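Each residue of the sequence shown is one higher than the one before, counting from 57 in my numbering. By construction, the Cβ of each residue, glycine as well, lies at the ideal position given by its N, Cα and C atoms. Here the structure is a predicted model, which means the values were calculated and not measured. These notes concern the structure reproduced below.
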Amino acid sequence: MTYEDSIKNYFTAYSKFLSVDLSVSLLDKKDKYFGRNITLIVLFQDLLILLLGTKEIEGTDVENDRKILFNKLNLILQPYLEKNAEHLCTLKHGNIAQTLSGNSFYFDKLNDTFNTELLNNYYMSYKDFVSYSSKVKMDEDVRKKFELYNSDNIILVQSILEFNNALSHIVASLYNNDNDALNNIGKATSHLYRGTLDHYKMLIRLVFMDSEKSIKTEIMDDFKELRHKEFEYLGLKVQDKDIDCDGKPVSILSCYKEMFSRMMMNVA
Numbered sequence: 057m058t059y060e061d062s063i064k065n066y067f068t069a070y071s072k073f074l075s076v077d078l079s080v081s082l083l084d085k086k087d088k089y090f091g092r093n094i095t096l097i098v099l100f101q102d103l104l105i106l107l108l109g110t111k112e113i114e115g116t117d118v119e120n121d122r123k124i125l126f127n128k129l130n131l132i133l134q135p136y137l138e139k140n141a142e143h144l145c146t147l148k149h150g151n152i153a154q155t156l157s158g159n160s161f162y163f164d165k166l167n168d169t170f171n172t173e174l175l176n177n178y179y180m181s182y183k184d185f186v187s188y189s190s191k192v193k194m195d196e197d198v199r200k201k202f203e204l205y206n207s208d209n210i211i212l213v214q215s216i217l218e219f220n221n222a223l224s225h226i227v228a229s230l231y232n233n234d235n236d237a238l239n240n241i242g243k244a245t246s247h248l249y250r251g252t253l254d255h256y257k258m259l260i261r262l263v264f265m266d267s268e269k270s271i272k273t274e275i276m277d278d279f280k281e282l283r284h285k286e287f288e289y290l291g292l293k294v295q296d297k298d299i300d301c302d303g304k305p306v307s308i309l310s311c312y313k314e315m316f317s318r319m320m321m322n323v324a
């Protein structure tokens, strides 16, 4: 399966998921309704990471890796679609592949949106959260507020939904193929940035929650200063918040990422 074919299949599959999610995401999880399927969104996340990370690579091994993840996705997606058939919205999934067919403009824009640094930062923050959350000593009542990823780890649904929102904007741009397409692609970038930032903010909260750790005074002072500087930039788009650090503008995302790293290396 080539990279171009994989991208077409990917966004067509996501369009099918979205045709259900548009309705069921607003319904409570009860016997009658199943609500939003976070597991599927995580699979869409992992698959896109793989596809974009191998866009310059062709060969049997990478094609097999793509097929394995697509098969894993479909094993959950198909029953999900069938179970929620009564809630399907009538999206024309063929519009997605039609827009992408022979359209280098959209492939270029997708690569710009999910550029290597942005996507790597998001996925690194996701893996940091999954890894660190399993080690934090927290009350069971607190742990239940998070979505279980497996028996040992939790995930931050808030950030996963930011990724989902980013995908929704991309699909809207592909689906409509109109003058507002670039605007939607730009909004996808904002959601990815915010999802990454949310991960690091919650990671810092987890450090505070951990009763076995105490944060050094100088780091606490720097943390308070960071929060104060962020307040001064309220109203700006999250990716436009560059904070003055020793006379140099530094993105607020980099500041929070560094703050978490410092806390991890310098807890008492």
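How many Å lie between residue i and residue j at the Cα?
i, j, result
"L37", "V227", "Here the chain has residues from 57 to 324 only, and residue 37 is not among them."
"Y66", "L104", "8 Å"
"L133", "E274", "49 Å"
"S187", "K313", "15 Å"
"V306", "K64", "36 Å"
"F279", "D300", "14 Å"
"S81", "K304", "42 Å"
"K165", "N239", "11 Å"
"L282", "R261", "14 Å"
"F185", "Y162", "32 Å"
"Y182", "N232", "30 Å"
"R318", "G150", "48 Å"
"K191", "D266", "9 Å"
"K257", "I308", "11 Å"
"Y178", "L217", "13 Å"
"L31", "G158", "Missing from the structure shown is residue 31; the chain here goes from 57 to 324 and no further."
Taking 7 Å as the limit between beta carbons, can you name the residues of its chain near residue i, skipping five residues before and five after?
i, result
"A324", "Interpretation of A324 is limited by its pLDDT of 48, a score under 50 that renders its predicted location unreliable; the figure taken from the coordinates is listed afterwards. So the list reads S270 and K272, once near-sequence residues are dropped."
"D77", "R92"
"K128", "L99"
Could you say which of the options lies nearest to residue i if we only look at CA atoms?
i, options, result
"M315", "L259, F126, R122 and E114", "L259"
"M180", "K193, L107 and H255", "H255"
"E60", "G150, S160 and M321", "S160"
"M320", "G251, E138 and F264", "F264"
"L83", "L107, M57 and N140", "N140"
"F219", "N176, C311 and L248", "L248"
"L108", "D197, D168, I308 and P135", "D168"
"T116", "I94, T58 and D266", "T58"
"L96", "L131, S317, G158 and D277", "L131"
"N176", "L106, K297 and M194", "L106"
Counting along the chain, where does the beta strand (DSSP E) carrying residue i start and finish?
i, result
"S307", "K304 to S307"
Just to confirm the assignment, what range does the alpha helix (DSSP H) spanning residue i have?
i, result
"I216", "V213 to N232"
"A153", "G150 to L156"
"V4", "The first residue shown for the chain is 57 and the last is 324, placing residue 4 beyond what the model contains."
"I63", "Y59 to V80"
"D266", "Where D266 is concerned, there is no enclosing alpha helix (DSSP H), given that its DSSP letter is neither H nor E."
"S160", "S160 to T169"
"K129", "With the sequence shown as reference, residue 129 is identified as Leu, and Lys is not the correct amino acid for it. L129 -> alpha helix (DSSP H) spans T116 to K139."
"I113", "Neither: I113 is in no alpha helix (DSSP H) and is coded neither H nor E."
"E196", "E196 to R199"
"E281", "T273 to E288"
Using C-beta distances below 6 Å, list every residue in its chain close to residue i, excluding the 5 sequence neighbours before and after it, in chain order.
i, result
"S75", "L144, C145 and L147"
"S79", "H143"
"C311", "L282 and I299"
"P135", "none"
"K243", "H225"
"K111", "Y59"
"V118", "T110"
Spatial neighbours of residue i within its chain, please: CB distance less than 8 Å, with the 5 preceding and 5 following residues excluded, ordered by chain position.
i, result
"T245", "T169, L174, A222 and Q295"
"E114", "T58 and Y59"
*asked:* Does the structure place the stretch 192-201 close enough to the stretch 212-228 that three or more beta carbon pairs sit under 8 Å?
replied: Cβ pair count under 8 Å is below three, so no.
*On the three-pair Cβ rule with 8 Å, is the stretch 280-291 touching the stretch 134-154?*
Verdict: no, contact absent.
*Would you be able to state if there are at least three C-beta pairs under 8 Å between the stretch 217-227 and the stretch 64-82?*
Contact between the stretch 64-82 and the stretch 217-227 is present, because at least three Cβ pairs lie under 8 Å.
*Per the contact definition of three or more C-beta pairs closer than 8 Å, is the stretch 110-130 in contact with the stretch 140-152?*
In short, these stretches do not touch, since the Cβ pair count stays below three.
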